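Undergrad: Under my numbering, residues 23 to 237 are what the sequence shown spells out, in order.
Beta carbons are placed, not taken as given, at the ideal position from N, Cα and C, and that holds for glycine.
Source: prediction; values computed, not measured.
Questions regarding the structure given below will be posed in turn.
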Amino acid sequence: MCATRGDRPPGPRSVRMLCLRAVLGGRVLWEHRLEGGSAVLGRAPECALRIDNPLLSRRHARFVRRGNAWEATDLGSRNGLYLRGERLRGPTRLRDGDVLCVGKFAFEVELPDERGGGALARARLRVQDALLPLRKEVFVIGGAPDADFPLGGWRTPAHAALLVRGRGGHSLINVAPSADAVYHNGKPVSGRARLRPGDRLEVYGLRARFEEARE
Numbered sequence: 023m024c025a026t027r028g029d030r031p032p033g034p035r036s037v038r039m040l041c042l043r044a045v046l047g048g049r050v051l052w053e054h055r056l057e058g059g060s061a062v063l064g065r066a067p068e069c070a071l072r073i074d075n076p077l078l079s080r081r082h083a084r085f086v087r088r089g090n091a092w093e094a095t096d097l098g099s100r101n102g103l104y105l106r107g108e109r110l111r112g113p114t115r116l117r118d119g120d121v122l123c124v125g126k127f128a129f130e131v132e133l134p135d136e137r138g139g140g141a142l143a144r145a146r147l148r149v150q151d152a153l154l155p156l157r158k159e160v161f162v163i164g165g166a167p168d169a170d171f172p173l174g175g176w177r178t179p180a181h182a183a184l185l186v187r188g189r190g191g192h193s194l195i196n197v198a199p200s201a202d203a204v205y206h207n208g209k210p211v212s213g214r215a216r217l218r219p220g221d222r223l224e225v226y227g228l229r230a231r232f233e234e235a236r237e
């Protein structure tokens, strides 16, 4: 559950809320919802966004709302703060769907107000009666033992399909050697297909449905 900090400022067009999610190896460590002011990420006990790991400096980065936007600033950390492969050199405006990185840690950014609604979407796959959360930027389906959803069968390639999260939502990408091994709503996917809630997926016999839950 997100922890709420600060007060909500007036103004219907403000990007009021920042939801920041810390992820390590596909597992969510914590999630905080910030609604104003600022918060510091680091390993020091007084940090509101704390991770007790030597990869992070005691005061690693600051997240602050300025006007109608949220910014991230590296506070002179040893290992830096990276966005899209580039180290942050100054205050950087955040966008919905951004992923900040410090070593093996990923910090997922959600700005629900930028989407035009206050609800947070949680993408997931429904496989029979099971629900699989799609927390990673790239979710791998295939025969590899370390795939996010391992498939059986000697014909199954190590990587058959990818579910990739972008700024506009999720896409299904066929990376199998066969053009007719991955299906989207009953049609073969030769490259990429944009996913919408309720869409049906089939990958080498795996049948699933893409869903989004809003909180």
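Output the distance between the C-alpha atoms of Arg214 and Glu57, rounded to the nearest integer angstrom.
TA: When rounded, the distance between both Cα atoms is 36 Å.
Undergrad: Can you tell me which residues form a DSSP beta bridge with Lys126?
TA: According to DSSP, which records beta bridges pairwise, Lys126 is partnered with nothing at all.
Undergrad: Go ahead and label Val62 buried or exposed: buried means 16 or more other beta carbons lie within 10 angstroms of its beta carbon, across all protein chains shown.
TA: With 16 or more other Cβ atoms within 10 Å, it is buried.
Undergrad: Scan the region 199-223 and note each continuous beta strand (DSSP E) run of 3 residues or more that stays entirely inside, going in chain order.
TA: For the region 199-223, whole beta strand (DSSP E) runs of length 3 or above, ordered along the chain, are 204-206, 214-216.
Undergrad: Nearest-angstrom Cα distance between Arg84 and Gly59?
TA: Approximately 11 Å between the Cα atoms of the pair.
Undergrad: Between Leu40 and Val131, is the Cβ-Cβ spacing less than 8 Å?
TA: Yes. Within cutoff.
Undergrad: Mapping DSSP to helix, strand and coil, what is Pro155?
TA: Here Pro155 sits in strand by DSSP.
Undergrad: Compute the beta-carbon to beta-carbon distance between Thr95 and Gly112, rounded to the nearest angstrom, for a pair I have assumed lies under 8 Å.
TA: Right, the Cβ-Cβ distance comes to about 7 Å (below 8 Å), so this counts as a contact.
Undergrad: Based on the DSSP secondary-structure assignment, which residues constitute the bridge partners of Ser193?
TA: DSSP, once it has assigned bridges, lists Val186, Arg216 as partnering Ser193.
Undergrad: By Cβ distance, which residues of its chain are closer than 8 Å to Tyr104, with the 5 residues on each side in sequence left out?
TA: Excluding positions up to five away in sequence, the list reads Leu110, Leu122, Cys123, Val124.
Undergrad: Rounded to a whole number of angstroms, what is the C-alpha to C-alpha distance between Leu217 and Gly164?
TA: Distance between the alpha carbons of Leu217 and Gly164: 19 Å.
Undergrad: Can you tell me which of Glu234, Arg229, Gly227, Asn207 puts its alpha carbon nearest to the alpha carbon of Pro221?
TA: As written in the sequence, residue 221 is Asp, which differs from the Pro given in the question. When only C-alpha atoms are compared, the closest one is Asn207.
Undergrad: In whole angstroms, what is the alpha-carbon distance linking Leu2 and Gly107?
TA: This structure leaves residue 2 out entirely; the chain is present only between 23 and 237.
Undergrad: Arg55 lies in the beta strand (DSSP E); which residues open and close that run?
TA: From DSSP, the beta strand (DSSP E) with Arg55 extends over 49-56.
Undergrad: Kindly list the residues whose CB is nearer than 8 Å to the CB of Pro34, restricted to its own chain and excluding five residues on each side of it in sequence; keep chain order.
TA: Any reading at Pro34 must be qualified, since the residue scores a pLDDT of 42, below 50, and its modelled position is unreliable; the value itself is stated next. Closer than 8 Å at Cβ, skipping near neighbours: no residue.
Undergrad: Short of 6 Å in beta carbon distance, which residues of its chain neighbour Leu51, apart from the five on each side in sequence? Order them along the chain.
TA: Closer than 6 Å at Cβ, skipping near neighbours: Ala44.
Undergrad: Restricting to Cα atoms, I'd like to know which of Phe129, Leu173, Ile195, Ala203 is closest to Val160.
TA: Out of Phe129, Leu173, Ile195, Ala203, Ile195 has the C-alpha closest to the C-alpha of Val160.
Undergrad: Ignore the nearest five residues each way along the sequence and tell me which others in Leu173's own chain have a CB closer than 8 Å to its CB.
TA: Cβ within range, chain order: Ile163, Gly164, Gly165, Ala182, Val225, Tyr226, Gly227, Leu228.
Undergrad: Do the CB positions of Arg144 and Ala201 come within less than 8 Å of each other?
TA: No, Cβ-Cβ distance for Arg144 and Ala201 is not below 8 Å.
Undergrad: Just grab the DSSP bridge partners of Cys41 for me.
TA: The partner list for Cys41 (beta bridge, DSSP) reads Arg55, Glu132.
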